[in-house]
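To start, the structure itself, in structure tokens.
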Amino acid sequence: MNFENWLKANGISWKFNSQYIDETYEHLENVIGNQYWICDYRLNKEKDSKPIRNVTPKLVKVFSNTDLPKNKRVYYSPIHFREVKNGKASTTVIGPYDNTGYRSYPGVSVNIFDDKVECIEFFEEQCNTAIKEYEEELTRRTQEIHHRIDEIKKIKEKFIL
């Protein structure tokens, strides 16, 4: 489920100021310190570019942003995730939202699950969607290139005896 639905499912409420910038979150203690599974794989609109986000299924622990190092900042959220490896949380910070956000739009969130199997199945679905989109793009580009080759052959035939 996405970040906002996950917050609601865990009894967390929030309020925005009149500019929809500053939020007040209540009951964050319901999730901070807990472990969940996250994943996300989404293609960029430009198929030549890297994916917008590639977060393979991983077990994470939830931290308050007050625990962030001084040089780090997580936007649009009071919490962040850190991958759990060998029973310990890593130092790598994973924000709940991707980098497509701006001003009052946070971007698209990672997908958050209580269950490993659900997370892996959802990630597989996202990967299958990406593969299908790449295959369609490959077909489209191949047809386009064949069309250009045919045009060049026609032009060439007019001038070659």
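FYI, the numbering for the sequence shown is 960 to 1120, going by the working numbering. Ideal Cβ placement from N, Cα and C applies to all residues, glycine included.
The closest CA to that of A968, considering only L987, T983, K974, is found on L987. For F962, same chain residues with a beta-carbon under 6 Å away, outside a window of 5 residues either side, are P1055, S1068 in chain order. Beta bridge pairing from DSSP links R1041 with K1020. Under the DSSP assignment, D999 falls in the beta strand (DSSP E) whose first and last residues are 994-1001. Here the C-alpha atom of R1100 lies approximately 11 Å from the C-alpha atom of K1006.
Following the DSSP letters along the chain, one finds I1071 in no alpha helix (DSSP H) but inside the beta strand (DSSP E) bounded by residues 1070-1072. For Q1085, same chain residues with a beta-carbon under 6 Å away, outside a window of 5 residues either side, are Y1000 in chain order.
By alpha-carbon distance to D1074, the top candidate from F1118, L1027, K1017 is K1017. Counting along the chain, N1087 sits inside the alpha helix (DSSP H) bounded by residues 1075-1118. In the structure shown, the three-state DSSP call for K974 is strand.
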